[in-house]
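Beneath this line is the structure, given in C-alpha cells, with notes to follow.
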Amino acid sequence: MPADSDELRTPDSSAAPDGTDASTADRPDDPDLVLLRRHVAGDPAAFAELFRANADRLWSVAFRLLHDAEDAADAVQEAMLSAHRRAATFRGESTVRTWLHRITVNAALDRLRRQAARPSTVPMPTTPDGAEREPADPRDAHAEGELRLDVSDALARLPSPLRAAVVLVDIEGLPVAQVAELLDVPVGTVKSRAARGRARLAGELGYLRPGNQPTTPTVFQEGGR
Amino acid sequence: MSKEEATGEPTPEAKRHPDGELLDAYADGERTPGSVDRHVRGCTACQRTVVGLRDMRVELARLAPISMPPDVARRIQDALMATPPPAPPTGGAGRAAQARRGAAGRRRRPVGLGAAALRPAQRDALLPRSSRSERLVLLAVCLLVVVTGGGLVVALQQHEPATGTSSDAAGSAAISVRADSAKSGPGAAAPLAESAASGPSGLPIPASAAPVQAVRVATSLDALEPAAVAQHARDLLAGRVPAAANVPLLAGPLAPAAEPWAGLATPALLACYQKLTDVARGPLLAVDEVTYRGRAAVLAVLDLPDAPNAGGGGSTAAADAPAPSAGAATAGPIPASRDLVQLTVIDLGCRADQLTAATLFEEKSTKAA
Numbered sequence: 375m376p377a378d379s380d381e382l383r384t385p386d387s388s389a390a391p392d393g394t395d396a397s398t399a400d401r402p403d404d405p406d407l408v409l410l411r412r413h414v415a416g417d418p419a420a421f422a423e424l425f426r427a428n429a430d431r432l433w434s435v436a437f438r439l440l441h442d443a444e445d446a447a448d449a450v451q452e453a454m455l456s457a458h459r460r461a462a463t464f465r466g467e468s469t470v471r472t473w474l475h476r477i478t479v480n481a482a483l484d485r486l487r488r489q490a491a492r493p494s495t496v497p498m499p500t501t502p503d504g505a506e507r508e509p510a511d512p513r514d515a516h517a518e519g520e521l522r523l524d525v526s527d528a529l530a531r532l533p534s535p536l537r538a539a540v541v542l543v544d545i546e547g548l549p550v551a552q553v554a555e556l557l558d559v560p561v562g563t564v565k566s567r568a569a570r571g572r573a574r575l576a577g578e579l580g581y582l583r584p585g586n587q588p589t590t591p592t593v594f595q596e597g598g599r
Numbered sequence: 004m005s006k007e008e009a010t011g012e013p014t015p016e017a018k019r020h021p022d023g024e025l026l027d028a029y030a031d032g033e034r035t036p037g038s039v040d041r042h043v044r045g046c047t048a049c050q051r052t053v054v055g056l057r058d059m060r061v062e063l064a065r066l067a068p069i070s071m072p073p074d075v076a077r078r079i080q081d082a083l084m085a086t087p088p089p090a091p092p093t094g095g096a097g098r099a100a101q102a103r104r105g106a107a108g109r110r111r112r113p114v115g116l117g118a119a120a121l122r123p124a125q126r127d128a129l130l131p132r133s134s135r136s137e138r139l140v141l142l143a144v145c146l147l148v149v150v151t152g153g154g155l156v157v158a159l160q161q162h163e164p165a166t167g168t169s170s171d172a173a174g175s176a177a178i179s180v181r182a183d184s185a186k187s188g189p190g191a192a193a194p195l196a197e198s199a200a201s202g203p204s205g206l207p208i209p210a211s212a213a214p215v216q217a218v219r220v221a222t223s224l225d226a227l228e229p230a231a232v233a234q235h236a237r238d239l240l241a242g243r244v245p246a247a248a249n250v251p252l253l254a255g256p257l258a259p260a261a262e263p264w265a266g267l268a269t270p271a272l273l274a275c276y277q278k279l280t281d282v283a284r285g286p287l288l289a290v291d292e293v294t295y296r297g298r299a300a301v302l303a304v305l306d307l308p309d310a311p312n313a314g315g316g317g318s319t320a321a322a323d324a325p326a327p328s329a330g331a332a333t334a335g336p337i338p339a340s341r342d343l344v345q346l347t348v349i350d351l352g353c354r355a356d357q358l359t360a361a362t363l364f365e366e367k368s369t370k371a372a
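Here you go:
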C-alpha cells in the first residue's frame, strides 16, 4: 500500500469536505506546516521538532494497532523517515498532522499484515515501554472478582482485524469509508468488524452484564474475520 | 443462553433478537428498521446491550494518547538526524534552500551504530572554540567540590575523582546526592537559593556560594533558534548569562515564590527535569527560561555520562545502550572539550507525562570546544 501518497481527512482535519484543496492557504498558522516548510527549506532541526510535537499521537495509534512496542517503534520510525524524505511532495490537502497520522497508520497496518501472515512469529504483546506481558484473561479477572479488565488488555486480546477496525474507527475517529480504504475491504466489512470488536470488548470489560452477552451470538461470535 | 433467558419477558417483537450489527447500529443512532426499535423497547436485555455498546464507544473515544517512551523517541530522532535532507525543490528557490542547507548542515551529525555518540573531532566541529579561561573556571569548580567535600556535592560531581564514582554512574550518583541533601533538611536549600539569587550575576560560576548540589538557574528570556542553543548553553554554564543563580533545584523542597526563577521550579517542571535526568542518566547542570521560536520554553543542560578515553565514540546517551565500561572511572577530570552535555529545550508548560511532545529541541554537545 502506498505509504503517503494520499492524504486522509480525519475529523480534526480542516480540509474542505468536498475534497477541494482548502488547506494550505487556510492554515497559514499551522505550526506543523511551518515546521514542514522549514524542513523542506533545509532547516536541520525542523523535522525533529515536528516529530516530537506529534510523537505521542503517532505512537498511540501504532502501539494500539500492533500491541508490540518494538513493532510500533519500527512502524513510527519507518513512517517518519518516509515523511522526512517526501516532505516536499506534501500537497497541503490535509493538515500535516493528518498526513503524518496516515503514513504511520499505513506503516503499522503493513506490519500488522506481516504479523498475520506469520502467526508463529507474532511476538508476545508488550507494554508501551516494551516489557513483555501476557494479556489478562477475562476468566481470571472474573475469578478474582474484578469487574473490568483494562481496555488495553482487552484490545490486545482482539483478533487483529477486529482490533484494527475498532482502533481506527472508535479510538482514532476515522470515517468508516476511509478505514475501508486503509484496510482495503468493503465498508460493510469495516462496520461488521468494528461492531464485533466493540461487542467483544464490551463483554470482556463488563459493559454487558452477565446473562446479557451476547444477545446475538450468531453475529458477534463469528470470530476474527 | 436461551432466548427466553436473554430477553426476560418476551414480547411479540422479541421473538428474535435483532442482528448484532443492527443492534450496534441502533446503539450508534444509525437508521435501522422499525422492527429493531420495537424489539429493543420491549426487551430489557437488548436495552442493556445497547447501553453497554454505547458506553463502550464512549470509553474508546476517550482513551488518552499514550506517551511515546523516551528511548523510542530518541532512537527515531537519531534516525532522522542521520537521514540526508530531502531533495531540494527545483529552480532558484531550490538553490537557495541548498545553500541554506549547506550552512545549517554543519550541525547535522552522522549517526551510525552508536546512534547518539559523537566522536570528539565531530563534537569539536560543532561548537566554536571557547576561551581558556572558561575551561579554567570549570576546573576551578571541580576543585572546589573536592575541597568542600563532606557530603556537599554539586551537579558537576562527576568530575570529582575522590568520590570514586564512575562518570557513567553520574545519574545514580546525583539521585543519591539528592537524597542526602534532602536529609540535611530543606532549611539548607532555601538560604542557599536566597544567597545565590541575590549575589552578583553574570560572573563566572560563583561556586563558593553554592556548596550543595546546585543547578544554574537563569531567566534570560533570550530568543533561541536551533543554531544558537549550544552557544547559549555554554554561556550559561560559564556564567555569562545575566541573573543566573545556583539553586539546589532537585535537592528537595524549595520556597521560590519570591525568586525571579520561581517559574522554573514549578512541580510540573521539576518533574520534567527529573525525567530528563533519568533518561540522560546524568545530572541537571543548568536551566534557563528562554523563548524558542517564539514559544516560552526552558533550556535544560544535562551532563551526560562520558568515557574519558580519547578513543571517541564510546560515549553514548542512547537510552537503550548499556553504560560504558566501569573502567571509565579511572581517569581524572574530563576536559570540557570532551565532556558531553545534552541540551534540551522544553516548553514552559511541560508535563512529565507528555515530555516528548513538550520537547522542542534536543541535541548533544560539549561543555566547551
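Chains as they are written, first to last, in our numbering: chain W, 375 to 599; chain P, 4 to 372. Built from N, CA and C at the ideal position, the CB exists for glycine as well.
Neighbouring residues, chain P, relative to residue i (Cβ below 9 Å)
{"i": "Q451/W", "result": "V75, R78, I79, A82 and L83"}
Pair within 8 Å by beta-carbon distance, residue i and residue j
{"i": "L56/P", "j": "A576/W", "result": "yes"}
{"i": "V220/P", "j": "L240/P", "result": "no"}
{"i": "L407/W", "j": "A461/W", "result": "no"}
{"i": "A425/W", "j": "I69/P", "result": "Correcting the residue identity first, residue 425/W is Phe in this sequence and not Ala. Not a contact, by the Cβ cut-off of 8 Å."}
{"i": "V344/P", "j": "D306/P", "result": "yes"}
{"i": "L346/P", "j": "V301/P", "result": "no"}
{"i": "T294/P", "j": "L358/P", "result": "no"}
{"i": "L351/W", "j": "L83/P", "result": "In the structure displayed, chain W extends from 375 to 599; residue 351/W sits before or after that span and is not available."}
{"i": "D342/P", "j": "D309/P", "result": "yes"}
{"i": "C49/P", "j": "L26/P", "result": "yes"}
{"i": "L440/W", "j": "R485/W", "result": "yes"}
{"i": "A449/W", "j": "T472/W", "result": "no"}
{"i": "A427/W", "j": "A360/P", "result": "yes"}
{"i": "R412/W", "j": "A422/W", "result": "no"}
Chain-ordered chain P contacts of residue i [CB-CB under 7 Å]
{"i": "S566/W", "result": "E24"}
{"i": "F464/W", "result": "Going along chain P, no residue has its Cβ under 7 Å from F464/W, so there is no contact; the nearest lies around 10 Å."}
{"i": "E604/W", "result": "Lying outside 375 to 599, the shown extent of chain W, residue 604/W is not represented and no answer is given."}
Straight-line Cα distance separating residue j from residue i
{"i": "T469/W", "j": "L63/P", "result": "24 Å"}
{"i": "A271/P", "j": "G352/P", "result": "8 Å"}
{"i": "H475/W", "j": "E452/W", "result": "12 Å"}
{"i": "V304/P", "j": "D442/W", "result": "33 Å"}
{"i": "L418/P", "j": "A265/P", "result": "No statement about residue 418/P is possible, as the shown extent of chain P runs from 4 to 372 and does not include it."}
{"i": "G547/W", "j": "D58/P", "result": "16 Å"}
{"i": "T222/P", "j": "Q277/P", "result": "19 Å"}
{"i": "R298/P", "j": "F464/W", "result": "26 Å"}
{"i": "R51/P", "j": "R570/W", "result": "17 Å"}
{"i": "S534/W", "j": "A551/W", "result": "19 Å"}
{"i": "Y29/P", "j": "V541/W", "result": "20 Å"}
{"i": "T86/P", "j": "A261/P", "result": "47 Å"}
{"i": "G97/P", "j": "A230/P", "result": "No answer about G97/P holds up, because its pLDDT of 42 lies below 50 and its placement is not dependable."}
{"i": "V600/W", "j": "R237/P", "result": "Beyond the ends of chain W as shown, which are 375 and 599, falls residue 600/W; an answer cannot be given."}
{"i": "A600/W", "j": "L579/W", "result": "Residue numbering for chain W in the displayed model covers 375 to 599; residue 600/W lies beyond these limits and cannot be assessed."}
{"i": "A283/P", "j": "A248/P", "result": "23 Å"}
{"i": "L159/P", "j": "P286/P", "result": "In this prediction, L159/P has a pLDDT of 38, which is less than 50 and means its spatial position is unreliable; what the coordinates show is noted afterwards. Rounded to the nearest angstrom, the two C-alpha atoms are 8 Å apart."}
{"i": "D291/P", "j": "K565/W", "result": "52 Å"}
{"i": "A254/P", "j": "E555/W", "result": "54 Å"}
{"i": "R109/P", "j": "V553/W", "result": "Because R109/P sits at a pLDDT of 35, beneath the cut-off of 50, its placement in the model cannot be relied upon, and the point is left open."}
{"i": "D31/P", "j": "V414/W", "result": "43 Å"}
Exposure of residue i, with buried meaning 16 or more beta-carbon neighbours within 10 Å
{"i": "P21/P", "result": "buried"}
{"i": "E366/P", "result": "buried"}
{"i": "G37/P", "result": "exposed"}
{"i": "R65/P", "result": "exposed"}
{"i": "P88/P", "result": "buried"}
{"i": "D430/W", "result": "buried"}
{"i": "R34/P", "result": "exposed"}
{"i": "A491/W", "result": "exposed"}
{"i": "V61/P", "result": "exposed"}
{"i": "E444/W", "result": "exposed"}
{"i": "R567/W", "result": "buried"}
{"i": "A76/P", "result": "buried"}
Under 8 Å from the C-beta of residue i: neighbouring residues of chain W
{"i": "I69/P", "result": "D430, W433, S434, F437, R438 and P502"}
{"i": "T86/P", "result": "L455, H458 and R459"}
Chain P residues whose Cβ lies nearer than 8 Å to that of residue i
{"i": "I545/W", "result": "L63, A64 and L66"}
{"i": "V525/W", "result": "E62, L63 and L66"}
{"i": "R572/W", "result": "D27, L56, M59, R60 and L63"}
Closer than 7 Å at the beta carbon, the chain W residues around residue i
{"i": "G55/P", "result": "A576, Y581 and L582"}
{"i": "P229/P", "result": "A419"}
Amino acids of chain W, ordered along the chain, whose beta-carbon sits closer than 9 Å to that of residue i
{"i": "Q357/P", "result": "D430"}
{"i": "A360/P", "result": "R426, A427, N428, A429, D430 and R431"}
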